[in-house]
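Right, one structure below, let's go through it.
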Amino acid sequence: MDKAGKRYLVRFGSAMAAYVVTLMVAVLVVKQIGDSPWRYALMLLPVVPIVGALLAFLTFFEAMDELQKRIQLYALAFSAGGTAMFGLVYGLLETVGMPHLPWVWVFPIVVGLWGLGAIIASKRYA
Numbered sequence: 007m008d009k010a011g012k013r014y015l016v017r018f019g020s021a022m023a024a025y026v027v028t029l030m031v032a033v034l035v036v037k038q039i040g041d042s043p044w045r046y047a048l049m050l051l052p053v054v055p056i057v058g059a060l061l062a063f064l065t066f067f068e069a070m071d072e073l074q075k076r077i078q079l080y081a082l083a084f085s086a087g088g089t090a091m092f093g094l095v096y097g098l099l100e101t102v103g104m105p106h107l108p109w110v111w112v113f114p115i116v117v118g119l120w121g122l123g124a125i126i127a128s129k130r131y132a
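In structure tokens:
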């Protein structure tokens, strides 16, 4: 792995670790403070490390060669289309009784499909 890749893994990994910690702290504190107006700010606290993860990815993206950028573009297109399809299908199923799926699940779906799209594209161009 090149220097840019290692730097990305450290920055992204650190941001995701901070996300997990801030999310756990926010959830625990919000349960303790009840209906305080501070609960809104506390639940937004985990967004800060996610911004760090995004910036780490964008910095890494700038360092990629054209093939890697093409793979990421395919992965992004796969993720966008897959998330849209999932939203449509699940939304239709909710109208006939499936349980409501909270919005917080959209981000993991996007990221998971992005990863799957990157695997597919990597195999295609390998």
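With this note's numbering, you'll find the sequence shown wraps up at 132, consecutive numbering, no jumps.
Quick reminder that beta carbons are idealized off the backbone N, C-alpha and C, glycines included.
From residue i to residue j, what does the alpha carbon distance come to, in whole angstroms?
i	j	result
Q78	L60	14 Å
K37	A23	22 Å
A83	G123	8 Å
L34	I56	19 Å
A81	P108	24 Å
F67	L73	11 Å
L106	I115	It should be pointed out that residue 106 corresponds to His in this sequence rather than to Leu. Distance between the alpha carbons of H106 and I115 is about 15 Å.
A21	L94	31 Å
L50	T101	30 Å
A90	F113	12 Å
Can you say whether residue i is buried or exposed, counting buried as having 16 or more other CB atoms within 10 angstroms of its CB?
i	result
Y46	exposed
L119	buried
A62	buried
S85	buried
Check whether the stretch 68-77 and the stretch 124-131 are in contact - that is, three or more C-beta pairs closer than 8 Å. yes
Contiguous beta strand (DSSP E) assignments of at least 3 residues, all confined to the stretch 83-109: Fully enclosed beta strand (DSSP E) runs of 3 or longer: not present.
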